[in-house]
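> Dumping the structure here so I can ask a few things about it.
In the numbering used here, the protein residues as written are 1 to 167.
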């Protein structure tokens, strides 16, 4: 069985969220260009998270590119939600993994290539394949996945307009 978070810890987080439902936390990251397209991202006191581009996009191919990192964040966020929902319902998980694909048109070449104003920029389609092996019934499994996607902060960020403030 997969080692999961504690039910008591989850219950504590739920209680805190219900006691102050309007609280907003600020996530922070400092991105530093190291060379070419290699970027070091400093988050909390963790080891630097490196982002690069593949050779086909003029990078050194040393790390995931920004789009791949976005897919990784999305997959991780949904998996966190699935785990929390299983713990909340006392459902044991044997294994959980997700395969993600995203379609992206990169012909604008970061604002230096084909700049057709009608071009759809960014990822236009994301496909998820969630592999959850647990003691949940099929009906529970579907409900847990649906709920995790519905309440995922990353999913909601991708689906809603986000205000950008450049200083």
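A virtual CB, placed ideally from N, CA and C, is assigned to each residue, including glycine.
(1) Below 8 Å, how does it come out for the stretch 69-81 and the stretch 141-149: are there three or more Cβ pairs, yes or no?
(2) Does the pairing of the stretch 91-99 with the stretch 59-71 give three or more beta-carbon distances under 8 Å?
(3) Do we get a CB-CB distance below 8 Å when we pair residue 31 with the residues of chain B?
(4) Closest to residue 105 by CA distance: which of 123, 15, 41, 93 is it?
(5) On the three-state DSSP scale, how would you describe residue 12?
(6) Return the residue from the list 41, 27, 26 that minimises the CA-CA distance to residue 33.
(7) Taking only runs of the beta strand (DSSP E) that begin and end inside the stretch 91-158, which ones reach a length of at least 3 residues, in chain order?
(8) What residue from 130, 16, 118, 139 has the CA that sits closest to residue 82's CA?
(9) Would you decide whether residue 118 is buried or exposed? Buried here means 16 or more other CB atoms lie within 10 Å of its CB.
Let me spell this out:
(1) yes
(2) no
(3) Absence of chain B from the displayed structure is noted, only one protein chain being present.
(4) Counting from 1 along the chain shown, the entry for residue 105 is found at position 105. Ranking 123, 15, 41, 93 by Cα distance to residue 105 puts 123 first.
(5) By one-based count along the chain shown, residue 12 stands at place 12. Helix at residue 12.
(6) Locating residue 33 in the chain shown gives position 33, where the first residue counts as 1. The shortest Cα separation from residue 33 among 41, 27, 26 belongs to 41.
(7) 93-105, 122-134
(8) Here residue 82 corresponds to residue number 82 of the chain shown, with the count starting at 1. Nearest option by C-alpha distance: 130.
(9) For the purposes of this step, residue 118 is taken as residue 118 along the chain shown, with counting starting at 1. Exposed is the label assigned to residue 118, since fewer than 16 other Cβ atoms lie within 10 Å of its Cβ.
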